[in-house]
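Chains as they are written, first to last, in my numbering: chain A, 1 to 114; chain B, 115 to 226. Even glycine gets a Cβ: it sits at the ideal position worked out from N, Cα and C. Notes follow the structure.
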């Protein structure tokens with residue numbers, strides 16, 4: 001399985017500010033995914049990021065709020081813009097496994113917005 | 115978005131007991147995955163199921179892909195304290211570009 005790291009691991013932010021989360025993979029992958037996990041909840045897909053194309057967002061998530069970059073096959077960023085307390089969550093990136101039928105997750109970024 | 119129905123929501127068991135949890139969907143999936151999430155960590159893949167009816171084991175864990183392709187279960191035998199965590203099922207339909215739909219999770223507590 002791929003080794004995935006995320007930065008920062010946690011942060012406390014003021015409302016109205018933005019935070020960019022980085023996801024680094026130790027091997028080249030085609031597809032990267034960003035999920036949100038609200039406190040005590042399951043995981044919800046925010047968007048799918050492919051290198052060289054615009055990210056594809058799920059219903060309820062928009063590019064202005066969650067801009068994503070995918071500059072190469074091992075790296076992606078997710079920005080949480082104009083944050084409010086409702087954005088307090090764990091944000092996780094994941095990548096496809098070699099068969100494309102499994103996904104491996106990073107350790108997550110724990111965000112608290114005051 | 116859609117979530118899979120996972121039950122039970124939580125379980126309190128004694129060390130050494132067997133555990134069973136299941137996941138149901140109104141939609142069919144081509145792949146079922148089971149993950150475990152420890153506090154402060156990302157989900158870790160436990161078992162992947164690729165074929166209807168498939169029964170797969172990973173140590174003390176056994177999972178099955180339902181014949182209807184709309185359900186899956188996970189069994190843990192002889193539970194130990196490190197089994198504590200949240201277990202999530204996830205379904206994937208090949209036509210949805212690897213997108214996973216996650217279950218609501220089962221929180222497992224193991225007492226000595």
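Considering only beta carbons, the part of the segment 142–160 of chain B lying closer than 7 angstroms to chain A consists of 145, 147, 155, 156, 157 and 159, in chain order. Take the alpha-carbon of residue 163/B and the one of residue 146/B: they are about 5 angstroms apart. Residue 81/A does not reach chain B, its nearest Cβ partner there being about 21 angstroms away, counting only Cβ pairs nearer than 7 angstroms. Residue 76/A is positioned such that its CB atom lies closer than 9 angstroms to that of residue 32/A. When Cβ-Cβ separations below 9 angstroms define contact, residue 110/A makes contact with chain B.
Residue 185/B: member of the beta strand (DSSP E) spanning 185–190, first to last residue. Under DSSP, residue 177/B takes part in a beta bridge, and its partners are 170/B and 188/B.
Rounded to whole angstroms, the separation of the alpha carbons of residue 150/B and residue 177/B is 13 angstroms.
Shortest Cα-Cα distance from residue 25/A to any of 37/A, 36/A, 43/A and 92/A involves 92/A. Under DSSP, residue 56/A forms a beta bridge with 48/A. Contact with chain B is found for residue 44/A, since one of that chain's Cβ atoms lies less than 9 angstroms from the residue's Cβ. Taking 9 angstroms as the threshold, the shortest C-beta distance from residue 218/B to chain A falls below it.
In the structure shown, the three-state DSSP call for residue 124/B is strand.
Interface annotation for the segment 24–58 of chain A against chain B: 31, 42, 43, 44, 45, 48 and 58, criterion Cβ-Cβ distance under 7 angstroms. Going by DSSP, residue 222/B is part of the beta strand (DSSP E) stretching over 220–225.
According to the DSSP assignment, residue 162/B belongs to the beta strand (DSSP E) that extends over 158–163. The three-state secondary structure of residue 196/B, taken from DSSP, is helix. Interface with chain A (9 angstroms Cβ-Cβ cutoff): residue 178/B is excluded.
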